[in-house]
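Remarks on the structure that follows.
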Amino acid sequence: MGKSQKVYTKEFKEEAVRLAQTSGKPIAQIARELGISDSAIHGWRKELAEHGKEAFPGKGHQTTLEEENRRLKREVERLQQERDILKKAVSIFSRESK
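Numbering (the working numbering), first residue to last: 3 to 100.
Below is the structure:
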């Protein structure tokens, strides 16, 4: 059986980072008290610094930029399909007119 990964809420992660920054305790001690690894706090702190309010979007959620990128890729695929259909239609109609 595989090892299941614990999932923490956005609020938990933000609170852990806030404790690490303001409590004056070592990160390792805070991590032990919360039952998590100190590397998790370091990672969360880095993500919060890089992404601000968009940090920790949750399972299946993406940042605004990632969501826009996904939407554009879907649109490109749809347009390519439409183009291919039109190419086939042109070839069919050009054969019929001859």
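Glycine included, every Cβ here is placed at the ideal spot set by N, Cα and C.
In this structure, T11 is the residue among R80, T11, R34 with its C-alpha nearest to the C-alpha of W46. Proximity of the region 47-58 to the region 69-76 falls short of the contact definition, fewer than three beta-carbon pairs being nearer than 8 Å. Judged by their CB atoms, I38 and L21 are not nearer to each other than the 8 Å cut-off. A buried status is given to A18, since no fewer than 16 other beta-carbon atoms sit within 10 Å of its beta-carbon. For V92 and F58, the gap between their C-alpha atoms comes out near 49 Å. Using a Cβ distance threshold of 8 Å, E79 and T66 do not count as a contacting pair.
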